[in-house]
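The listed protein sequences derive, respectively, from chains Z and W.
All residue numbers for the first sequence refer to our numbering, where the first residue is 1 and numbers rise by one.
All residue numbers for the second sequence refer to our numbering, where the first residue is 323 and numbers rise by one.
What follows is one structure encoded as structure tokens, with my remarks underneath.
2 protein chains.
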Amino acid sequence: MIESDELLSIRAAELYYEEDKTQDEIGSILALTRWKVGRLLAQAKASGFIRIEIVHPRARRLPVERRLRETCGLADAIVVSTSGVEDQDELQSRTAQAAADYLATLRPVPRTLGISWGRTLDDISRHLEDGWATGVDVVQINGGVSLNRRAGTAASTAVAIAQKAGGHATLLPSPAILERLETKRAIESDRAVAAVLDLASSADAYLFSAGAADASSVLVDSGYLTPDDVAGLVRRGAVGDVVGRYVDAAGAIVDERLDERTIGLPLESLRAAGLSIAVIAGAAKHAVADAVVSSGLCTVLVTDEETATHLIEKHTNSEDPS
Amino acid sequence: MIESDELLSIRAAELYYEEDKTQDEIGSILALTRWKVGRLLAQAKASGFIRIEIVHPRARRLPVERRLRETCGLADAIVVSTSGVEDQDELQSRTAQAAADYLATLRPVPRTLGISWGRTLDDISRHLEDGWATGVDVVQINGGVSLNRRAGTAASTAVAIAQKAGGHATLLPSPAILERLETKRAIESDRAVAAVLDLASSADAYLFSAGAADASSVLVDSGYLTPDDVAGLVRRGAVGDVVGRYVDAAGAIVDERLDERTIGLPLESLRAAGLSIAVIAGAAKHAVADAVVSSGLCTVLVTDEETATHLIEKHTNSEDPS
DNA sequence: GCGATCTTTGCTCATATGAGCACGGTCATC
DNA sequence: GATGACCGTGCTCATATGAGCAAAGATCGC
Chain Z
1 MIESDELLSI RAAELYYEED KTQDEIGSIL ALTRWKVGRL LAQAKASGFI
51 RIEIVHPRAR RLPVERRLRE TCGLADAIVV STSGVEDQDE LQSRTAQAAA
101 DYLATLRPVP RTLGISWGRT LDDISRHLED GWATGVDVVQ INGGVSLNRR
151 AGTAASTAVA IAQKAGGHAT LLPSPAILER LETKRAIESD RAVAAVLDLA
201 SSADAYLFSA GAADASSVLV DSGYLTPDDV AGLVRRGAVG DVVGRYVDAA
251 GAIVDERLDE RTIGLPLESL RAAGLSIAVI AGAAKHAVAD AVVSSGLCTV
301 LVTDEETATH LIEKHTNSED PS
Chain W
323 MIESDELLSI RAAELYYEED KTQDEIGSIL ALTRWKVGRL LAQAKASGFI
373 RIEIVHPRAR RLPVERRLRE TCGLADAIVV STSGVEDQDE LQSRTAQAAA
423 DYLATLRPVP RTLGISWGRT LDDISRHLED GWATGVDVVQ INGGVSLNRR
473 AGTAASTAVA IAQKAGGHAT LLPSPAILER LETKRAIESD RAVAAVLDLA
523 SSADAYLFSA GAADASSVLV DSGYLTPDDV AGLVRRGAVG DVVGRYVDAA
573 GAIVDERLDE RTIGLPLESL RAAGLSIAVI AGAAKHAVAD AVVSSGLCTV
623 LVTDEETATH LIEKHTNSED PS
């Protein structure tokens, strides 16, 4: 009986979803009452035979978002669909778009927004529409005066976000990582720099991304670190960098000495923040994403479907080892 | 305006399909009237953003079936879903199952059913349920006394189908292909053989498959042809075999000399039949499937989704060269 | 066998949804 | 600047669907 009911429910589903027949019509075709058809359909849905997918670059995955919020204890989660994604750039762009949308609809609107810099942040700044908010000031939370021709990006990201919101940007006029601890201390105690860091630590919200721990890092690209440096960090457990600081799977600083020479908001400030939005997408960043989420570095995560399911799986397994 | 409507329709679709909200609820969430939500949803569906798929081994693709019927001028078409298919065997099995289902529900029930033999037919015979019909006699339409140990298959397929329908099987006691024309003529004129061929040509319905033109053919496997023979046929345009006869893309016999030595129903009888059911699945058989369909060898085709779309594409392109 | 329990079935009623229509605003044209 | 065609909007009404319920049937232990 169960066997034949399953088959019937499939036949009913075909007629209902593919042929747009009414349950009553299906009833007369399959010689069933329309209530039976309704139950068959409900059964087919419950058994997962009916798969409904929304295919659109800006489609989100609300059920995944909810599970992500629940399993990882996030205040909010934005998960973009990966269906039909052709390459990594497409995925980045979709996620950045979603982050921009999230920012634009964020209530209450933060007066001061602390941001990091990098490819992702730059992407977000591009996707934000002019006038996405009014009077939002932007402040950089980690050093970013670039060492090479890629110069302006960090600055222009912040400026673009601020301008489009009719606010103004406060830049952190300092390198990301100094070679000597003394230099770092000196810069940090400079009044201009100290004031920015102060402002940064009092921001209403933070928006940042994370980098994978490999040679493709922006920190390598910008000349702050060599590929060898990164390889060394990886050997010591690094899974990626957050606002310029390399962390391990537990979200702890990998190299204290290096960290001391890094200018910017300490990770503790992110952990203590009421609203900190992490934007992390792509298979290469699964490990960092995990570190960021499990160590409480963000309250809101914007990511892609695959990363989200990866996190959910990991967190359900570790919490419920059945 | 159109841009924002599209985005809205996606948001609405997420809430409707993924969160099971009512259109009214969505209305209050997105600050819209419930009619607007309904229109947005309809628009999303019409634009193809909503994809509904039925995932089940026995799911069919009714819209594809209809298009296949229309573009290829078939009396009926059965198309099985390929979603979740793991290997070729799975696909074969699904198609055979569908063919078995089709046979079992066929009205009016044929009194005599002419069948070919091979892997597909054998598969179908296995999937038919005991008592799938009552009093259907089965007759072989092409020679099949096997030359090697794979002996019984051709016979047992026919017998199984007949037994399960409470009818009896008439076997064609002859090889598929003879080496010499004279031998073929002699066998054909044998009273026992001639009677079977006679019965075959008067069957109410035919059920047959087709083989791809390569060394994996059952005709090679059974020892009637060598891989070299097949390669030669391919060079002359063969795309596959139908009831033991090799045809080209237009459905014409490739090698008349070989064909004359082949025992069984001529292809013309299939073309003239009121009901002839072809069961052809798999990427390797796209070409034969096309030949069978375009040359009118079958009135009903049982196939898989990919083959079906392949055929549809080909036939719409060739008929409407825009 | 026989009754108790649980499932399945066909119903009534409330709700959700879609079709058709009148209104008001927009836009191009004269 | 007036006019008419057109589009998007919010409505009424008919229809489709789902929830809940009583009766019929199946299943089980005794």
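Ideal Cβ placement from N, Cα and C applies to all residues, glycine included.
Keep in mind that this is a model prediction, so the values were computed, not measured.
Distance between W/I585 and W/S511, taken at the CA atoms: about 11 Å. A straight-line Cα-Cα distance of about 12 Å links W/A534 and W/A571. Look at the beta carbons and you see the stretch 406-417 of chain W touching the stretch 622-631 of chain W: at least three pairs across the two are nearer than 8 Å. When secondary structure is reduced to three states using DSSP, Z/L270 falls in the helix class. Distances from the alpha-carbon of W/G554 to those of W/V540, W/D536, W/Y546 put W/D536 closest.
Within the stretch 469-501 of chain W, complete alpha helix (DSSP H) segments of at least 4 residues are found at 475-486, given in chain order.
Here W/L337 is actually not in contact with W/L362; their C-beta atoms are around 10 Å apart, not less than 8 Å.
Residue range 503-511 is occupied by the alpha helix (DSSP H) that includes W/S511.
Under the 10 Å beta carbon count, Z/Q140 is surrounded by 16 or more other beta carbons and is classified as buried. Contact annotation: the stretch 39-55 of chain Z does not touch the stretch 260-278 of chain Z, with fewer than three C-beta pairs closer than 8 Å. Taking a 10 Å sphere around the C-beta of W/G596, we find fewer than 16 other C-beta atoms and assign the residue as exposed.
Contact between the stretch 398-411 of chain W and the stretch 493-500 of chain W is absent: fewer than 3 CB-CB pairs across the two stretches fall below 8 Å. Counting every other CB atom within 10 Å of its CB across the protein chains shown gives Z/A291 a total of 16 or more, marking it as buried. When the five nearest sequence neighbours on each side are left out, the beta carbons in the same chain lying within less than 6 Å of the beta carbon of W/D526 are those of P432, R433, T434, in order along the chain.
The residue among W/I446, W/W439, W/L580, W/D551 with its C-alpha nearest the C-alpha of W/K506 is W/L580.
Comparing C-alpha distances from Z/G244 to each of Z/S116, Z/A12, Z/R69 shows the shortest one belongs to Z/S116.
DSSP places Z/G114 inside the beta strand (DSSP E), whose first and last residues are 112-115.
Here the alpha carbons of W/V552 and W/G545 stand approximately 12 Å from one another. Bounds of the beta strand (DSSP E) holding W/T625 are 622-626.
Under the Cβ criterion of 8 Å, Z/V302 is not counted among the residues facing chain W.
The beta-bridge partner set that DSSP reports for W/G533 consists of W/D563. A Cβ-Cβ contact shorter than 8 Å links W/V561 with W/V610. Distance check between W/D342 and each of Z/L62, Z/V79, Z/E313 places Z/L62 closest, using alpha-carbon atoms only.
Nearest Cα to Z/F49 within the set Z/T33, Z/I29, Z/Y17: Z/Y17.
Under a criterion of Cβ atoms nearer than 7 Å, the residues of chain W adjacent to Z/Y17 are, in order, I374, I376. Rounded to the nearest whole angstrom, the C-alpha separation of Z/T22 and Z/L68 is 36 Å. Contact annotation: W/D452 and W/K486 have beta-carbon atoms nearer than 8 Å. In this structure, Z/L91 lies near Z/A281, with their beta-carbon atoms less than 8 Å apart. If you compare the alpha carbons of W/V359, W/G349, W/T393 with that of W/V615, the shortest gap goes to W/T393. Residue burial annotation: W/A484 is buried, with at least 16 other C-beta atoms found within 10 angstroms of its C-beta. Residue contact check for W/L363 against chain Z: no CB pair falls below 8 Å. With a threshold of 8 Å between beta carbons, W/R380 makes contact with chain Z.
Our two residues, Z/T153 and Z/S209, have alpha carbons roughly 15 Å apart in a direct line. Of the residues Z/L265, Z/S295, Z/K285, Z/A283, the one whose Cα lies closest to the Cα of Z/G114 is Z/L265. Ranked by Cα distance from Z/L128, the options Z/N142, Z/G135, Z/D101, Z/A31 are led by Z/D101. Around the CB of Z/E182, fewer than 16 other CB atoms lie within 10 Å, so the residue is classed as exposed.
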